[in-house]
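Remarks on the structure that follows.
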Amino acid sequence: MTTQRFTTRPELTGTTGMVASTHWLASGTGMAVLERGGNAFDAAVAAGLVLHVVEPHLNGFAGDLPLIAATGGSGEPFVLCGQGSAPAAATPEAFAGLGLDHVPGTSLLAAVVPGAFGTWMDLLARYGTWHVADVMAFAIGYARDGFPLLDQASATIARVADHFREHWPSSAATYLSGGEVPAPGSRFRLPGLAATMERIVAEARAAGPDRLAGIEGARRAFYEGFVAEEIGRFCAAQELMDSSGRPHRGLLTPEDLAGWQVREERPTTIEFAGRTIAKTGPWGQGPVLLQQLRMLEGMDLEDTRSGSAELVHAVVETAKLAYADRDHWYADPDHADVPLGDLLSPGYAAERRALVGATASDLYRPGSPGGHAPRGLPDAVVARVERAIAAAADDGAAADGPRTRAAGVGEPTFGPDPAVRPDGSARGDTCHLDVVDRWGNIVSATPSGAWLQSSPVVPALGLPLPTRAQMFWVEPGFPGSVSPRKRPRTTLSPTLVLRDGRPEIACGTPGGDQQDQWQVPLLLNHLVYGMGLQEAIDAPTWHTTHLVSSFDPRDLDPLGVTAEDRLGPEVLADLRRRGHRLTVAGPWSLGRLSAVGTGSDGLLRGAANPRGMQGYAVGR
Numbered sequence: 027m028t029t030q031r032f033t034t035r036p037e038l039t040g041t042t043g044m045v046a047s048t049h050w051l052a053s054g055t056g057m058a059v060l061e062r063g064g065n066a067f068d069a070a071v072a073a074g075l076v077l078h079v080v081e082p083h084l085n086g087f088a089g090d091l092p093l094i095a096a097t098g099g100s101g102e103p104f105v106l107c108g109q110g111s112a113p114a115a116a117t118p119e120a121f122a123g124l125g126l127d128h129v130p131g132t133s134l135l136a137a138v139v140p141g142a143f144g145t146w147m148d149l150l151a152r153y154g155t156w157h158v159a160d161v162m163a164f165a166i167g168y169a170r171d172g173f174p175l176l177d178q179a180s181a182t183i184a185r186v187a188d189h190f191r192e193h194w195p196s197s198a199a200t201y202l203s204g205g206e207v208p209a210p211g212s213r214f215r216l217p218g219l220a221a222t223m224e225r226i227v228a229e230a231r232a233a234g235p236d237r238l239a240g241i242e243g244a245r246r247a248f249y250e251g252f253v254a255e256e257i258g259r260f261c262a263a264q265e266l267m268d269s270s271g272r273p274h275r276g277l278l279t280p281e282d283l284a285g286w287q288v289r290e291e292r293p294t295t296i297e298f299a300g301r302t303i304a305k306t307g308p309w310g311q312g313p314v315l316l317q318q319l320r321m322l323e324g325m326d327l328e329d330t331r332s333g334s335a336e337l338v339h340a341v342v343e344t345a346k347l348a349y350a351d352r353d354h355w356y357a358d359p360d361h362a363d364v365p366l367g368d369l370l371s372p373g374y375a376a377e378r379r380a381l382v383g384a385t386a387s388d389l390y391r392p393g394s395p396g397g398h399a400p401r402g403l404p405d406a407v408v409a410r411v412e413r414a415i416a417a418a419a420d421d422g423a424a425a426d427g428p429r430t431r432a433a434g435v436g437e438p439t440f441g442p443d444p445a446v447r448p449d450g451s452a453r454g455d456t457c458h459l460d461v462v463d464r465w466g467n468i469v470s471a472t473p474s475g476a477w478l479q480s481s482p483v484v485p486a487l488g489l490p491l492p493t494r495a496q497m498f499w500v501e502p503g504f505p506g507s508v509s510p511r512k513r514p515r516t517t518l519s520p521t522l523v524l525r526d527g528r529p530e531i532a533c534g535t536p537g538g539d540q541q542d543q544w545q546v547p548l549l550l551n552h553l554v555y556g557m558g559l560q561e562a563i564d565a566p567t568w569h570t571t572h573l574v575s576s577f578d579p580r581d582l583d584p585l586g587v588t589a590e591d592r593l594g595p596e597v598l599a600d601l602r603r604r605g606h607r608l609t610v611a612g613p614w615s616l617g618r619l620s621a622v623g624t625g626s627d628g629l630l631r632g633a634a635n636p637r638g639m640q641g642y643a644v645g646r
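Here's what the structure looks like:
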């Protein structure tokens, strides 16, 4: 007789399809497509476009998109890179000429080519079965007719309302209904965005009745037609305030959009716990998850238990090492020499694993994969890291009780978002989507960028632009230095797990630098400790902030660990004794994981995060 273990909601099982995402309307949309005969790729496109509308503080129609997927026939995984590249005019000299030593985190200078729409269209054309008008109808309906505004979206608008009124009038006109902050839960409309999407559909129809011709017509309208023209006009027209405290024009041009193409790539993989774990290339932070698992697999995890102090300590310490490598080595491999094979080799993992001790390390330790010396960080960032570590040492490594982190540091909560500052700069959160269908097609996608708070609305289009260029260094000579047509190293990180060469799980989470930390406990809980997907998502989680933030102002919080209090007082006390500077978070406050999969019995499974009362899995 088996004992039913408690979960906050059932782990869904069925045979028709499963959709899990960070918003119930997107999940419902994806399932509606599956019910009408669409496949997982059709469903992902329709649901992803809805996410762009209903979570405007977390992603947008002109945002970024990495996606990892596999077809039910071959089972071969593939990655679509929808991370837009830097403008042709984005050079170190251009920023130095403006008196800037960094790319501002907000407004027009941080804009890169919007990659999400082109990626959705590529997925639809090559793997889907539906027409443009059909997949876009759901998102258009919500934008035109309205959707319930999330509490956090309302709180984010309230945080930046004065900035909109003073500096970004097009954003004020879009998000401040009648000049006021829209109420949480109120019916909210985005008519400008709806009109843009409707015009794209019209141009797709004008391209002819053929499905592929229509998709190409929609892509052309965005990247070579009216959307690109309006984006270029807006970026060049006026100087708008950004987080540097000064107004600037943008660098993005119509030619930048016309010259961009989505890329299909082979995923980066390792073997772990009898599975193949597949991630993006080093233009994203995805391989940092693989580095962590490489180190952890040699630590006799079976002798620990989920949520124990021993496990949390080991995961945190390996994360520090992996993320230090990320900061120094990861970049667009078309523009930088990234020793990815060395970084993921078992021998290098053993070297790094040997650095993990019984107590928390206060060091920032990038490694030397293949014997290559770390490339280093800009002097200003190194100085900030050194000052932060010295200050932590002066304060004392181990605190006697929970500490309170200053506003703007760490991950957002689900009330008023402390990670969004009044000028719109933010740590960067996002959304996530997973789909599996009856034929075994499976998709994991992490749409992001074009947050309402971080970039002014292009008035003729009703949409803001992505600000991912803030992840570049302005100083030349580093893997992550800005250069024309280069992809910024994104934090967006969907995951695919394969068993015996067949797709088994698609999963992911929002969370900026925490995405590839919150996914580690999920995978350990499921693959090592035998939990179901929903139980693994429900389990208490944690992350370290002992890393260089990917977002302006690129700081580091030495020895910092944020943990849900459900880990228990004994575990939290043990972590403090080990020297971790602990921030105790609410019981259901960290991570927004979702997952779908196919079991060995052929049944489809779906699970979603209960935190924030927003994510949902649907299926049958």
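The sequence shown begins at 27 in the working numbering and counts up by one. Glycine residues also receive a C-beta, built at the ideal position from the N, C-alpha and C atoms.
Alpha-carbon to alpha-carbon, residue j and residue i
{"i": "Thr571", "j": "Arg237", "result": "47 Å"}
{"i": "Leu366", "j": "Gln318", "result": "14 Å"}
{"i": "Ala159", "j": "Ser269", "result": "38 Å"}
{"i": "Tyr349", "j": "Ser626", "result": "34 Å"}
{"i": "Val546", "j": "Arg275", "result": "40 Å"}
{"i": "Thr516", "j": "Trp309", "result": "6 Å"}
{"i": "Glu265", "j": "Arg246", "result": "28 Å"}
{"i": "Val587", "j": "Ala386", "result": "10 Å"}
{"i": "Thr55", "j": "Phe164", "result": "7 Å"}
{"i": "Ala179", "j": "Thr97", "result": "35 Å"}
{"i": "Val483", "j": "Pro273", "result": "15 Å"}
{"i": "Arg637", "j": "Met325", "result": "30 Å"}
{"i": "Cys261", "j": "Ala120", "result": "15 Å"}
{"i": "Gly503", "j": "Trp544", "result": "32 Å"}
Proximity test, residue i beta-carbon vs the ligand HEM heavy atom, cut-off 6 Å
{"i": "Trp50", "result": "In terms of ligand content, the structure shown is empty, and the ligand HEM therefore cannot be addressed."}
Nearest neighbour of residue i, chosen from the options [CA to CA]
{"i": "Gln496", "options": "Asp329, Ala112, Leu489 and Gly86", "result": "Ala112"}
{"i": "Arg410", "options": "Asp455, Arg580, Cys533 and Gly258", "result": "Arg580"}
{"i": "Leu283", "options": "Ile296, Gly251 and Leu266", "result": "Gly251"}
{"i": "His83", "options": "Leu176, Pro313 and Asp460", "result": "Leu176"}
{"i": "Asp578", "options": "Thr521, Ala136 and Ser53", "result": "Ala136"}
{"i": "Glu291", "options": "Pro92, Val483, Ala163 and Pro195", "result": "Pro92"}
{"i": "Ala198", "options": "Thr535, Asp591 and Leu478", "result": "Leu478"}
{"i": "Pro392", "options": "Ala384, Gly383 and Leu403", "result": "Leu403"}
{"i": "Pro566", "options": "Val508, Pro613 and Leu582", "result": "Pro613"}
{"i": "Gly172", "options": "Val79, Ser615, Leu322 and Gly312", "result": "Val79"}
{"i": "Thr279", "options": "Thr294, Thr295 and Arg259", "result": "Arg259"}
{"i": "Gly653", "options": "Ala116, Ile94 and Thr117", "result": "Nothing about residue 653 can be reported from this structure: the residues present for the chain run from 27 to 646 only."}
{"i": "Ala414", "options": "Pro584, Arg631 and Arg289", "result": "Pro584"}
{"i": "Asp127", "options": "Thr535, Glu501, Thr521 and Ile563", "result": "Glu501"}
{"i": "Thr182", "options": "Ala169, His193, Pro174 and Val207", "result": "Val207"}
{"i": "His552", "options": "Ala69, Val523, Pro400 and Gly538", "result": "Val523"}
{"i": "Arg556", "options": "Ser47, Glu328, Val338 and Ile226", "result": "Per the sequence shown, the amino acid found at residue 556 is Gly instead of Arg. Out of Ser47, Glu328, Val338 and Ile226, Glu328 has the C-alpha closest to the C-alpha of Gly556."}
{"i": "Gly488", "options": "Asp68, Gly63 and Phe87", "result": "Phe87"}
DSSP state of residue i mapped onto helix, strand, coil
{"i": "Met497", "result": "helix"}
{"i": "Lys305", "result": "strand"}
{"i": "Thr55", "result": "helix"}
{"i": "Leu642", "result": "According to the sequence shown, residue 642 is Tyr rather than Leu. Three-state DSSP puts Tyr642 in a strand."}
{"i": "Gly441", "result": "Unreliable positioning characterises Gly441 in this predicted model, as indicated by a pLDDT of 37, which lies under 50. A coordinate reading is not provided."}
{"i": "Met557", "result": "coil"}
{"i": "Ala96", "result": "strand"}
Buried versus exposed call for residue i [16 or more other C-beta atoms within 10 Å across all chains shown]
{"i": "Pro372", "result": "exposed"}
{"i": "Pro103", "result": "buried"}
{"i": "Arg320", "result": "buried"}
{"i": "Ser212", "result": "exposed"}
{"i": "Met639", "result": "exposed"}
{"i": "Ser618", "result": "Looking at the sequence provided, one finds Arg at residue 618 rather than Ser. Counting Cβ neighbours within 10 Å, Arg618 comes out buried, since at least 16 surround it."}
{"i": "His606", "result": "buried"}
{"i": "Arg191", "result": "exposed"}
{"i": "Thr145", "result": "buried"}
{"i": "Gly506", "result": "buried"}
{"i": "Phe32", "result": "exposed"}
{"i": "Leu629", "result": "exposed"}
{"i": "His398", "result": "exposed"}
{"i": "Arg631", "result": "buried"}
{"i": "Val408", "result": "exposed"}
{"i": "Gly441", "result": "Note that Gly441 has pLDDT 37, beneath the 50 cutoff, so the model's placement of it is unreliable and no number is given."}
{"i": "Arg603", "result": "exposed"}
- Task: Could you tell me which uninterrupted alpha helix (DSSP H) segments, each at least 4 residues in length, are contained entirely in the region 142-203, listed from first to last along the chain?
- Result: 142-153, 158-171, 177-193 and 195-201
- Note down, one range per segment and in chain order, each alpha helix (DSSP H) of at least 4 residues found wholly within the region 39-85. 50-61 and 66-80
- Task: With a floor of 4 residues, list each alpha helix (DSSP H) that falls wholly inside the region 273-336, ordered by position along the chain.
- Result: 280-284 and 313-322
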